[in-house]
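First comes the structure, then the notes that go with it.
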Amino acid sequence: MESKYNAVVSSIVEVSPTMRIFRISPLGWELPDFVSGQFASLALTPQSPKAEPSEPDHESVKQDKLIKRVYSIASSSKAKDFIEFYISLVTSGALTPRLFALKIGDKLELGKRMVGMFTLEQVPKDNNVVLIATGTGVAPYISMLRSNILGKEGGNIVVIHGAAHSWDLGYRSELMLLDNISPRFSYFPTILEPEKEPVPWGGDTRFVQDMWIDDQIITKALGEKSTPENTHIFLCGNPRMVEAMFENLEKDGFVIHKKKAPGQIHVESWG
Ligand SMILES: Cc1cc2nc3c(=O)[nH]c(=O)nc-3n(C[C@H](O)[C@H](O)[C@H](O)COP(=O)(O)OP(=O)(O)OC[C@H]3O[C@@H](n4cnc5c(N)ncnc54)[C@H](O)[C@@H]3O)c2cc1C
93 MESKYNAVVS
103 SIVEVSPTMR
113 IFRISPLGWE
123 LPDFVSGQFA
133 SLALTPQSPK
143 AEPSEPDHES
153 VKQDKLIKRV
163 YSIASSSKAK
173 DFIEFYISLV
183 TSGALTPRLF
193 ALKIGDKLEL
203 GKRMVGMFTL
213 EQVPKDNNVV
223 LIATGTGVAP
233 YISMLRSNIL
243 GKEGGNIVVI
253 HGAAHSWDLG
263 YRSELMLLDN
273 ISPRFSYFPT
283 ILEPEKEPVP
293 WGGDTRFVQD
303 MWIDDQIITK
313 ALGEKSTPEN
323 THIFLCGNPR
333 MVEAMFENLE
343 KDGFVIHKKK
353 APGQIHVESW
363 G
């Protein structure tokens, strides 16, 4: 099938063999305004080549239909020349093996609507914000931080990021830098397979949900014990992490945030 692609790959950063940061620039149109935490769609035709390793397409892939998936935006809401995504390769998937075959200058379709409720808009200004992610789930938080939430008045901000290996902890340098320069920001990375590290890993090796139970690190970073009155929690990534964190938080009195019933737990699950 033919497609009139409306965007071009303007940068690719290989975080690890299965994780890449893509910058996509619009061709002849302006990126619409969006709020950090929202997502946009990317699409390619089924005829576009796939990277190796990948598995044969599932029968749900139709030869006359674009393959379209949504991705959380990692760039600042102020960036207008490009939009950034942090994407992991699913070898059995339809779109990601095709995205991983793209080179700088290749074209694709970028959805013109950026949507989603996983934003800081409903968080009271003086509340703390705890941003918890696994893998590429850190992307929406990078957009929030790049859009300068630390420049506004408010509570303290914590990022807890879990991955299998240290080399999967995308944006680690940026988050470490913020931790160093901002007294209001703390970054806690954790990896689950320390035995595979080429140099010994001196940091955390627990599941993020177990780090939350170890109340001391969070209390120290926030400067107070987190309660539903003073803290909002964001969860993004692996559905098992989201479920386990949800159980922890419910015990502490936190409730899920809904449009018509405000709460303190905000969830973006990619299951
Ligand atoms: C709001 C939101 C934001 C997201 N943000 C990100 C992000 O920032 N980064 C990121 O990496 N991902 C993100 N995702 C996930 C992303 O949208 C895709 O789901 C992911 O990239 C996989 O796409 P794919 O086309 O490669 O795999 P898919 O083709 O969707 O396949 C996924 C799995 O399902 C199986 N499968 C597919 N079709 C069938 C079928 N018909 N029957 C049975 N099994 C099937 C495949 O074999 C594979 O194992 C986000 C998802 C949501 C909902």
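Note that the working numbering has the sequence shown beginning at 93, numbered continuously upward. For every residue, glycine included, the Cβ atom is placed at its ideal position computed from N, Cα and C.
Distance from the CA atom of I348 to the CA atom of V222, rounded to whole angstroms, is 14 Å. Straight through space, the alpha carbons of Y279 and G229 are spaced by roughly 15 Å. A distance below 6 Å between beta-carbons, with the five flanking residues on each side excluded, links G203 to the following residues of its chain, in chain order: A132 and S133. In chain order, the residues positioned with their C-beta nearer than 5 Å to some heavy atom of ligand 1 are F131, H150, S152, R161, V162, Y163, S164, I179, S180, V182, S184, G185, A186, L187, T188, T228, A231 and W362.
When the five nearest sequence neighbours on each side are left out, the beta carbons in the same chain lying within less than 7 Å of the beta carbon of E245 are those of K217, in order along the chain. Bridge pairing for T323: N220 [DSSP]. Ranked by Cα distance from N322, the options S239, S184, I357 and S265 are led by I357. The three-state reading of DSSP puts F174 in coil, since its state is none of H, G, I, E or B. A distance below 8 Å between beta-carbons, with the five flanking residues on each side excluded, links I196 to the following residues of its chain, in chain order: V101, S102, S103 and I104.
In the assembly as shown, E151 is an exposed residue. Its beta-carbon has fewer than 16 other beta-carbons within 10 Å.
DSSP places G294 outside both helix and strand once states are collapsed to three, so it counts as coil. Taking C-beta separations shorter than 6 Å and ignoring five residues to either side along the sequence, the partners of M93 in its chain run T137 and D156, following chain order.
Close CB contacts of D344 within its chain, under the 7 Å cut and outside five residues either way in sequence, are absent. I357 carries a strand assignment under DSSP once its states are collapsed to helix, strand and coil. Of the residues I113, P109, W121 and E106, the one whose Cα lies closest to the Cα of A99 is W121.
Here R115 carries a strand assignment [DSSP, helix/strand/coil]. By the criterion of a C-beta distance shorter than 7 Å, R276 is surrounded in its chain by L242, N248 and I249, once the five residues flanking it on both sides are discounted.
Here S169 carries a coil assignment [DSSP, helix/strand/coil]. Here S169 is not near S117, since their CB atoms are 7 Å or more apart.
Closest in C-alpha terms to Y263, from the list P148, A231 and Q301, comes A231. With respect to T110, E147 sits apart: the two C-beta atoms are not nearer than 7 Å. With respect to I224, I252 sits close: the two C-beta atoms are nearer than 7 Å.
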